[in-house]
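Protein chains in written order, with my numbering: chain A, 1 to 142; chain B, 1 to 142.
We put the beta carbon where it would ideally sit given N, CA and C, even for glycine.
Predicted model only: the values in this text are computed from it and were never measured.
Below: one structure, written as structure tokens.
There are 2 protein chains.
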Amino acid sequence: MIKNSEFIDKLRSSGLRPTKQRLKICELLFNRDNTFHFTINDLAKNISRQLNEKISLATVYNTVHAFKNKGYLKEISINSDKSYFDTNTTNHHHFFDQDTNELIDCTDDEIETPKIKKNILGKKINSVEVLIKVATDNQNQK
Amino acid sequence: MIKNSEFIDKLRSSGLRPTKQRLKICELLFNRDNTFHFTINDLAKNISRQLNEKISLATVYNTVHAFKNKGYLKEISINSDKSYFDTNTTNHHHFFDQDTNELIDCTDDEIETPKIKKNILGKKINSVEVLIKVATDNQNQK
DNA sequence: TTATACATTATAACAATTCTAAACTATTGA
DNA sequence: TCAATAGTTTAGAATTGTTATAATGTATAA
Ligand SMILES: [Mn+2]
Ligand SMILES: [Mn+2]
Ligand SMILES: [Zn+2]
Ligand SMILES: [Zn+2]
């Protein structure tokens, strides 16, 4: 309950009134030491577990999308099966572990951000994202 | 009809027998001057239009996936709404035009392939892909 | 030719996401 | 204070992309 007023600000600035359900979503998303990646379903399940009561999926979708539109969350596309969201909204790159379906932030010592030498005429670059797919090397298992 | 035997080879090596429907798919995918990006739905619509008869969506999905598994096609993830496929199977990067939802290959003079300085322990890098999202610059429209 | 394997198709099943409309809650302003 | 109003939650329906199924059709080979 430390940063309740922060959550209220986030909700209000996203055009949402602070309700019990939305504050719970905020707590799970933003009251953490580290940023993380999640799917809507993960999030909904965690909420249900912690609240000891169901929260409607529709509310989760709506709130997450409002935060995404405001820029408080980022959507990451790994495959077309489902959407991943990221509470790290800075420009950064990812490893995707194909064994575990886990998304891991790249740090600066792991990757050099690629340099764009020439852009499409008349367009503005909104983001440059690198996705590195990794998996256990089964080529030469002993 | 120039490269019919090539198509038959592609199908056979993907474990599929060359049928009228599959050859038509091959023609649309591979009988071109330039590689391109498509969705399953685009492709199915083009086939139906050119054949003047419906082709089952299932056949399109099956054939495209067989080609993808064999490496004759690549799947690209832009968003989780739908899958994009690419007839350019070389390692390359993309611009995504958010105005038109168009995917455009990056050429070597447009981007420098990012350097991975450190990998996840015990994992093998399967792909490194850059996605550059661009859109019309509406900041300073006159 | 006939048996067998394989292919196509329509349609059902499925999963993620979005929509809807009813019930509920908070806010406003007489 | 309390009705009117605006906004919220919710269950469930609808939609969409994708995959599975099972019946029918076609090619191949003994
Ligand atoms: Mn996929
Ligand atoms: Mn999307
Ligand atoms: Zn991240
Ligand atoms: Zn491409």
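For residue i, three-class secondary structure by DSSP
i, result
"residue 73(B)", "coil"
"residue 134(A)", "strand"
"residue 96(A)", "strand"
"residue 14(B)", "coil"
"residue 55(B)", "coil"
"residue 142(A)", "Confidence at residue 142(A) is low in this model, with a pLDDT of 32, below 50, so its placement is unreliable and the value that follows should be read with caution. Residue 142(A): coil per DSSP, three-state reduction."
"residue 120(B)", "coil"
"residue 19(A)", "coil"
"residue 78(B)", "coil"
"residue 49(B)", "helix"
"residue 31(A)", "coil"
"residue 3(A)", "coil"
Beta-ladder partner(s) of residue i, from DSSP
i, result
"residue 37(B)", "86(B)"
"residue 105(B)", "94(B)"
"residue 127(B)", "133(A)"
"residue 8(B)", "DSSP, once it has assigned bridges, lists no residue as partnering residue 8(B)."
"residue 111(A)", "116(B)"
Contacts of residue i in chain A (Cβ-Cβ under 8 Å)
i, result
"residue 125(B)", "132, 133 and 134"
"residue 98(B)", "126"
"residue 82(B)", "80"
Neighbour list for residue i in chain A, Cβ cutoff strictly below 9 Å
i, result
"residue 119(B)", "95, 110, 132 and 134"
"residue 27(B)", "Residues of chain A passing the Cβ test: none, with the nearest at roughly 26 Å."
"residue 77(B)", "77, 78, 79, 80 and 131"
Proximal residues of chain B, C-beta to C-beta of residue i below 8 Å
i, result
"residue 122(A)", "136 and 137"
"residue 113(A)", "114"
Beta-carbon neighbours of residue i, restricted to chain B and to distances below 7 Å
i, result
"residue 55(A)", "Those do not exist, as residue 55(A) stays about 22 Å from chain B at its closest Cβ, beyond 7 Å."
Residue i: contacting residues in chain B (beta-carbon distance under 9 Å)
i, result
"residue 104(A)", "120"
Any non-hydrogen atom of ligand 6 within 7 Å of residue i CB
i, result
"residue 13(A)", "With respect to ligand 6, the structure shown offers nothing to examine, as its ligands consist of ligand 1, ligand 2, ligand 3 and ligand 4."
Handout entry: Meets three-Cβ-pair contact criterion under 8 Å: the stretch 70 to 82 of chain B and the stretch 51 to 59 of chain B
Key = Result no; under three Cβ-Cβ pairs closer than 8 Å.
Exercise for the section: Measuring from each Cβ to the nearest heavy atom of ligand 4, keep the ones under 7 Å and list them in chain order. Expected result: Result: 35(B), 37(B), 76(B), 86(B), 88(B), 92(B), 94(B), 103(B) and 105(B).
Problem - contact_flag[the stretch 117 to 137 of chain A, the stretch 114 to 130 of chain B] where n(CB pairs < 8 Å) is 3 or more - result: These segments touch.
Handout entry: Cβ contact check for the stretch 35 to 47 of chain B and the stretch 85 to 103 of chain B: 3 or more pairs under 8 Å
Key = With the rule of 3 Cβ pairs closer than 8 Å, the stretch 35 to 47 of chain B counts as touching the stretch 85 to 103 of chain B.
Exercise for the section: May I ask you to verify whether the stretch 19 to 31 of chain B touches the stretch 39 to 53 of chain B, counting CB pairs closer than 8 Å and requiring at least 3? Expected result: Taking one beta carbon from each stretch, the stretch 19 to 31 of chain B and the stretch 39 to 53 of chain B have 3 or more pairs nearer than 8 Å; the two touch.
Practice task
Tell me, please, whether the stretch 100 to 107 of chain A touches the stretch 106 to 113 of chain B by the rule of three or more beta-carbon pairs shorter than 8 Å.
Solution key: Short answer: they don't touch.
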